[in-house]
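Going by our numbering, the letters in the sequence shown line up with residues 1136 to 1828, in that order.
Contents: one structure, followed by commentary.
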Amino acid sequence: MSARTEKKPNRLINQKSPYLLQHAYNPVDWYPWSDEAFQKAQADDKPIFVSIGYSTCHWCHVMEKESFEDPQVADVLNEAFLCIKVDREERPDIDAVYMAACQATGKSCGWPLNVIMTPSKKPFFIASYIPKDDRYGTVGMLSLVPQIEQIWKTRRVELESMGQEINQQISLHPKPESEDKLDKTELDEAYDQLFLAFDHENAGFGLSPKFPSPQNLLYLMRYYNRTKQQAAWNMVDRTLRAMRLGGIFDQVGGGFHRYSTDAKWLLPHFEKMLYDQALLALTYIEAYQVSRAPRFKVTAKETLDYVLRNLASPEGGFYSAEDADSEGEEGKFYLWSKKEITDALSPELADFAVRLFDVKAEGNYYEPPKGRNGKNILHIAVPLEQMAAESNFATDQVISKLGKTVNLLFQTREKRVHPAKDDKVLVDWNGLMIAALARATEILGEEKYLVAARKAADFILHTMRTGDGKLYHRYAKGERAVMGFLDDYAFLIFGLIRLYEADFNEKYLQTSLDLAKKMVALFWDSENGGFYFTEKDNGEDVPRIKQSYDGAAPSGNSVALTDLLCLARLTGEASFEQYADKLLQAFAVDVKGYPMGHTFMLAGLDFALGPSFSVVIVGDPSGEDTKNMLAAIRKDYLPNLTIKMWHPGTEKSTSPGLNYEKIAGKATAFVCRNQTCMPPTNEIAKMLEYLKQ
């Protein structure tokens, strides 16, 4: 019998979330976030300890092992508090509220996020990682809990007042002023801020830790398209190259790790998140459109192929993540000793790998305070062109040798114990992956990506909607649960629009239109504009917040802005343009205050300011003339473009009352620039001329 099964399970044992189940045998008497928990806290008149994390979070694992599995810590927690565990990916609404509360206190915020609140949900203490014992000036759990227990007994009114003040602060949504308008000035200021933040030595933004920040790169490509400012493209090009060559990219299996702990992109936190793969694949695809550089196409495919291999569920959706840890060690699955490299390869390929990947007997990275440990993070340390010159081979031959090397290392690595997989299917993250797969179909021409995008979309639309068209957020182990949030609607609409533009199946456009109307009905702030994260009647007695700032993924409001603009052009739904304008006005003060933190919203502003293009192609999607016309459009980087397919003589539910006809029986393009439409043409050269005006 295992040690775990000898322990008594707590109330998390019947949950579906992998993260909550990881804590189901802790001696801490955890409750899930539920009415039962808060009723019990009120009945016992106890404050509540809420710990928020996610299954692939390394420091969440550390805190569990150090504190939540420790009987001494569990005893003091159970005595002083009612304890609640929250999976931030399953309940992003709870996480968003208390992350906002943490930021309101001016603290450094991250995960695990630990909140102590009154039984009526007024937070008065917030911290991220807390050690078991006092350490380096940080109060540990064994000291902290008795202190707060005593303050609760003697100064409760102060704590209640403090919690009320924090709730009021994060609930403030000031009414926008009529003069709060965004224009090209904010586009320029965001560029200036990104340029100042750019690491001109190692690429990327900031020093360490260093995040991929794909929304920044997507924005810079739009800024480059608008201004032809070469430095904007250079930042994109250098960052994408540096990440692909670095340890943040899995050189053996494809896909990106969460972020780099150092400035050089070498030493990552090893978890792999679905949303990172989706957003980075989109970024590399667009970079390929801009530059036609094969390296960007290859990286996008390697990333998507990793997702199809490792994160695709049998039902059709995509799992959330793979853990950083295996066998109790972070990164163990991905690290190599020099002997492991030489044992896996022929002498010739081993010499090649040791040189290319900078493999050393003592290890090729230094991790304070541990130092070197004989392990190596595989990264491309020597340019392939240099390797070719040193060995008197052509670059193509070196690339072929690299392929053989990676294949053998992959086969060897597959025999290792794999990191745990978080098998939740989240609608919002799946929406982003559907978008990436659809764009890969359009730009890279790979049919397998279209098959996967359709399968995921059809699974979600069949399984994750209620009878009245609302979305659920989470699917796990056969159960759908948690009503959808703004991000679920905005991100899924984003994916469905791109899927429609990849295969022109009208059902995806119609569904995106239906979901957009539902999104407005459920989340729109009719008084001040913008979308709340939670719907009106969500049953939770916590503040409703609105988010504009981009985190690891873009904010729901920024993605919704692009959705509204695209659907207005694709369907003629004029009210969506008005909602988009009000959304920009609602967040104008926030964007002006820190443009660099709102780059996905500024990408939407770039679309709104124009020039933007709407193209209706009248023809048979399977006809050669239509295919040639589509291929010509997709070859160029045209970020502010929507494409609609029209079969002659038909009327579409998404464009009632309109009709288009071919010219001379050939595929014909109807092109509009902003609100001005050009004469229809069946000549590809003329169509492209319109699109370059």
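Idealized CB from N, CA, C, for every residue including glycine.
Three-way DSSP call (helix, strand, coil) for residue i in this model
i, result
"tryptophan 1287", "helix"
"cysteine 1218", "strand"
"phenylalanine 1487", "helix"
"isoleucine 1261", "strand"
"leucine 1513", "coil"
"valine 1552", "coil"
"glutamate 1520", "helix"
"methionine 1136", "For methionine 1136, the predicted structure reports a pLDDT of 37, less than 50, and the residue's modelled location is therefore unreliable. A value from the coordinates is still provided. Note: methionine 1136 maps to coil in three-state DSSP."
"alanine 1611", "strand"
"phenylalanine 1173", "helix"
"leucine 1212", "helix"
"leucine 1375", "helix"
"tyrosine 1166", "strand"
"aspartate 1563", "helix"
"phenylalanine 1541", "Per the sequence shown, residue 1541 should be read as valine rather than phenylalanine. Correct three-state label for valine 1541: helix."
"phenylalanine 1333", "strand"
"phenylalanine 1346", "coil"
"leucine 1606", "strand"
"arginine 1600", "strand"
"phenylalanine 1418", "Looking at the sequence shown, residue 1418 is not phenylalanine but threonine. In this structure, threonine 1418 counts as helix in the three-state DSSP scheme."
Same chain, Cβ closer than 7 Å to residue i, neighbours up to 5 away in sequence not counted
i, result
"asparagine 1809", "Gly1745, Pro1746, Ser1747"
"threonine 1646", "Leu1596, Leu1631"
"cysteine 1195", "Gly1188, Tyr1189, Trp1246, Pro1247"
"glycine 1389", "Glu1437, Thr1438, Asp1440, Tyr1441"
"glycine 1298", "Met1252, Thr1253, Lys1257, Pro1258, Phe1259"
Spatial distance of residue i from residue j (CA atoms)
i, j, result
"serine 1255", "glutamate 1295", "9 Å"
"glutamate 1336", "leucine 1329", "15 Å"
"proline 1449", "tyrosine 1643", "22 Å"
"lysine 1220", "leucine 1740", "39 Å"
"isoleucine 1476", "leucine 1543", "10 Å"
"leucine 1156", "tyrosine 1166", "12 Å"
"alanine 1723", "serine 1683", "10 Å"
"asparagine 1508", "glutamate 1464", "13 Å"
"leucine 1147", "alanine 1159", "5 Å"
"alanine 1656", "lysine 1671", "9 Å"
"alanine 1820", "isoleucine 1768", "10 Å"
"alanine 1479", "threonine 1540", "9 Å"
"asparagine 1527", "aspartate 1269", "59 Å"
"phenylalanine 1259", "aspartate 1315", "34 Å"
"threonine 1362", "aspartate 1771", "16 Å"
"threonine 1547", "alanine 1625", "41 Å"
"alanine 1637", "serine 1263", "43 Å"
"phenylalanine 1805", "glycine 1758", "17 Å"
"glycine 1800", "glutamine 1412", "42 Å"
"aspartate 1170", "aspartate 1230", "17 Å"
"lysine 1583", "lysine 1612", "26 Å"
"glutamate 1497", "proline 1554", "25 Å"
"alanine 1616", "aspartate 1228", "14 Å"
"methionine 1822", "threonine 1816", "7 Å"
Residue i CB to nearest heavy atom of the ligand FMN below 7 Å
i, result
"valine 1371", "Absent from the structure shown: the ligand FMN. Ligands present: none."
For residue j and residue i, believed in contact at Cβ under 8 Å, the rounded distance
i, j, result
"serine 1202", "methionine 1276", "5 Å"
"valine 1425", "methionine 1378", "Going by Cβ atoms, the distance from valine 1425 to methionine 1378 rounds to 16 Å, so no, they are not a contact pair."
"leucine 1627", "leucine 1606", "7 Å"
"aspartate 1698", "phenylalanine 1594", "Contact flag wrong, Cβ pair sits at about 21 Å."
"phenylalanine 1346", "tyrosine 1394", "5 Å"
"serine 1455", "tryptophan 1564", "6 Å"
"alanine 1592", "phenylalanine 1453", "Not really, about 11 Å apart at Cβ, beyond 8 Å."
"alanine 1332", "methionine 1736", "No, alanine 1332 and methionine 1736 are not in contact; Cβ-Cβ is about 18 Å, not under 8 Å."
"alanine 1715", "alanine 1738", "Going by Cβ atoms, the distance from alanine 1715 to alanine 1738 rounds to 13 Å, so no, they are not a contact pair."
Any chain C beta carbon closer than 8 Å to residue i
i, result
"threonine 1240", "The chain labelled as chain C is not found in the depicted structure, where only one protein chain is given."
Those residues which DSSP pairs with residue i across a bridge
i, result
"histidine 1404", "Tyr1394"
"asparagine 1249", "Ser1186, Ala1262"
"cysteine 1115", "Outside the modelled stretch of the chain, which goes from 1136 to 1828, sits residue 1115, for which no answer is possible."
"arginine 1808", "Phe1748, Thr1811"
"serine 1152", "Answer is none; serine 1152 lacks a bridge partner."
"tryptophan 1781", "Val1753"
"aspartate 1557", "Ala1456"
"glycine 1686", "Glycine 1686 is not bridged to any residue."
Cβ-based neighbour list, residue i, same chain, cut-off 6 Å, excluding 5 preceding and 5 following
i, result
"serine 1152", "Asp1222, Glu1225"
"threonine 1416", "Inspection of the sequence shows that residue 1416 is occupied by alanine rather than by threonine. Closer than 6 Å at Cβ, skipping near neighbours: Ala1435, Thr1438, Leu1439, Ala1571."
"tryptophan 1471", "Asn1511"
"threonine 1777", "Cys1701, Arg1704, Leu1705, Ser1749"
"glutamate 1421", "Met1356"
Residues near residue i by beta carbon distance below 8 Å, same chain, minus five either side
i, result
"aspartate 1334", "Phe1340, Gly1341, Leu1342, Lys1345, Ala1398"
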